[in-house]
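Accompanying notes for the structure given below.
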Amino acid sequence: MLSMRKRFGVLLLSFCATTLAQAKEWSEIRFGVYPEYPPFESVAADGSLQGFDIELGNAICEKLQVKCTWVHNEFDGMIPALRARKFDAIMSSMAVTPARQKQIDFTNRLFLSPTSVIVRKSATFGDSVESLKGKQVGVLQGSLQEAYARAVLAPLGAQVKAYQAQDQNYADLMNGRLDATVTDKLEAQLNFLSKPEGADFRSGPAIKDPTLPLDIAMGLRKTDPELKALLDKGIAMIHADGTYAAIQKKYVGDVDIYNE
């Protein structure tokens, strides 16, 4: 049995350790990003990073008065790299899913992102998952859409092909190697359908499936609750002063991608 004095000492040490952990100050936040997903994140001609997520991250860091560092990482290796402490948070259009929540924590919502099927306007398929039977369907490697396609579309008879970059999906869709691509509806609209090369293509209705959630947020280690609180504060700050609205308007015009 521990004496009262020893027990008090143990409790005091525990309290001090907890207090120190809670009082940890972040002077720098390292964001993991896969810059092959314009307009959310990509590499500009001068080698700098650009995109909706990049501007949101930099704005949050500015409000919090911390240094913002971007670390390139393959998307399908994001969670292992985060847990290995190669960076502090994932800021790369990552959707919140139950499977991911078992491994990592997430901040409050950054924006909403439904999934849909992109096909030629002349196609008689694409408005239902059943219509993709026997079709060549492209997805982004390591994405929720890949997991969905392999779990749902492949058993229906679709031929699923994963690409390292979404642009590769569009290239093969245009040259006829793919019949469809299953991707983020907003990304497709901004990066393909609204451009000349996407003029002959259309987006089907949003796919309703529990494995394709809408919320996009920053991924965090479960051992960093103080960082979650800090980033949630930063998200609230850029909403409160109009910074979020300004960045949103720059990329998507009058579309409300936070509430709709």
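Here the sequence shown is numbered in this note's numbering, starting from -1 and rising by one per residue. Even glycine gets a Cβ: it sits at the ideal position worked out from N, Cα and C. Computed from a predicted model, the values in this text were never measured in an experiment.
Query                                                                                                                        : Result
C-alpha gap between residue 209 and residue 182, whole angstroms                                                             : 13 angstroms
Beta-bridge partners of residue 134, as assigned by DSSP                                                                     : 157
Local Cβ density within 10 Å of residue 137, reported as buried at 16 or more and exposed below that                         : buried
Inside the region 82 to 108 only - beta strand (DSSP E) runs reaching at least 3 residues                                    : 87 to 93
Residue range of the alpha helix (DSSP H) that includes residue 116                                                          : Here residue 116 belongs to no alpha helix (DSSP H); instead the beta strand (DSSP E) covers 113 to 118.
Own chain partners of residue 211 with C-beta closer than 7 angstroms, once the 5 adjacent residues on each side are dropped : 93, 94 and 95
Residue 202, DSSP secondary structure in three states                                                                        : coil
Proximity of residue 147 and residue 180 at Cβ, strictly below 8 angstroms                                                   : yes
Same chain, Cβ closer than 6 angstroms to residue 41, five either side skipped, listed in chain order                        : 33
Paired residues, beta bridge with residue 39 - DSSP                                                                          : 35
Distance CB(residue 82)-CB(residue 29) smaller than 8 angstroms                                                              : no
Beta-carbon gap between residue 61 and residue 232 smaller than 8 angstroms                                                  : yes
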